[in-house]
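When the count follows our numbering, it moves up by one through the sequence shown with no breaks and lands on 241 for the last residue. Backbone N, C-alpha and C define an ideal beta-carbon position, used for all residues, glycine too. In this text, all values refer to a predicted model and were calculated from it rather than measured experimentally. Contents: one structure, followed by commentary.
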Amino acid sequence: MTELKYTTAEGLKVQLDNINLCKNKQIILQNIQVTLSSDDFILMTGQNGSGKSTFLKIIAGLLKPDSFNLNYSEQLKNNSWQSSKKFLRQHFCYLHQTPYLFSGSVYDNIAYGLKYRGLNKAEISHKVHEALELISLPHLVQRNSQVLSGGEKQRVAIARSWVIQPNFILLDEPFANMDKHSRHRTYATINQLKEDNIGIIITSHDPHRGELDFNKQMHLYQGIISEKEYESNA
Ligand SMILES: Nc1ncnc2c1ncn2[C@@H]1O[C@H](COP(=O)(O)OP(=O)(O)O)[C@@H](O)[C@H]1O
Ligand SMILES: [Mg+2]
């Protein structure tokens, strides 16, 4: 398994600032500054087109901003996109609203990242079964991923991220196409991730009060992020 060099018992703290991005002369993100910690559970809001997906893709190392500074420990700073991208991809995992699963079994999809990291068959099998317990879908282990419902696909994608133990999982509108039953199952999975001390950011229009116990809310408006306390009783 890839060693997570900068992770301590307290988890990981990452500071990103001076994030700027313009596309076609339109400012999408402007001087964004955020500190993210693996005990964070963040609700990210903002109108359609306000830049939520763009922001998540940048911090997952999938999209290059025009400028940025990354600090990930007292001493370590990095301003080169090439090496920051590597660091970010190792620690952050971005999950698309309709996650891509390749054609093959649920087992194969979850095992993929573990094979890539060189684990042996027995270790892979153990972890895949653990992940299926996490998402409460052990009975789907041999099911072809293409026949799963949208909610099941989302949970398998979460399991596939979880097995490689990132410090942060970024869920982009995970509930957008889910019925009530799937939503409740997914709440349970996400709350379980929190027990494992994985930092989570969820973009959503709904505050999910009473279901998800966020500790922060970030709001994007006109390229700027404002941070406030999540009001669980509002
Ligand atoms: N590849 C791109 N090229 C040009 N503009 C883009 C690109 N990706 C996103 N945008 C624009 O950036 C803005 C933010 O998009 P997005 O991050 O998808 O917003 P949100 O996720 O909040 O709905 C939108 O105005 C969108 O049109
Ligand atoms: Mg979006």
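Alpha carbon of residue i to alpha carbon of residue j, nearest angstrom
i    : j    : result
K12  : Y79  : Summary for K12: the model assigns pLDDT 40, below 50, so the residue's position carries little reliability, and this model does not support an answer.
M8   : K187 : Here M8 scores only 35 on pLDDT, less than 50, and its place in the model should not be relied on; the value that follows carries that caveat. The alpha-carbon atoms of M8 and K187 are separated by roughly 36 Å.
M185 : K235 : 27 Å
L178 : R216 : 17 Å
Q229 : S57  : 7 Å
L19  : I209 : 18 Å
N31  : T61  : 15 Å
E238 : Q224 : 9 Å
S143 : Q33  : 44 Å
Q40  : N86  : 14 Å
M51  : K59  : 7 Å
S112 : Q104 : 20 Å
L139 : I117 : 9 Å
L36  : R124 : 34 Å
L219 : I197 : 8 Å
I207 : Q22  : 15 Å
V148 : R192 : 17 Å
D73  : C100 : 21 Å
Q89  : N38  : 20 Å
G53  : P181 : 15 Å
G68  : L28  : 14 Å
Boundaries of the alpha helix (DSSP H) in which residue i is found, first to last residue
i    : result
V170 : Taken as a continuous stretch (DSSP letters only), V170 belongs to no alpha helix (DSSP H), as it is neither H nor E.
S91  : W88 to H98
F75  : It is not in any alpha helix (DSSP H) - F75 instead sits in the beta strand (DSSP E) that spans S74 to N78.
S45  : First-last for S45: undefined, no H or E at that position.
Residue i: CB within 6 Å of a non-hydrogen atom of ligand 2
i    : result
K64  : no
K134 : no
Residue range of the beta strand (DSSP E) that includes residue i
i    : result
I117 : Careful: I117 lies outside any beta strand (DSSP E), inside the alpha helix (DSSP H) at V113 to Y123.
S309 : No answer is possible for residue 309: it lies beyond the span of the chain, which begins at 8 and ends at 241.
E236 : Run containing E236: none; DSSP gives neither H nor E here.
L19  : Neither: L19 is in no beta strand (DSSP E) and is coded neither H nor E.
Considering only heavy atoms of ligand 1, list every residue whose Cβ is less than 5 Å from one of them, following chain order. K30, I35, N55, G56, S57, G58, K59, S60 and T61
At 3 residues or longer, and completely inside the stretch 200–224: list those beta strand (DSSP E) runs for me, N to C. 206–210
Beta strand (DSSP E) runs contained entirely in the stretch 136–185, provided each spans 3 or more residues: 175–179
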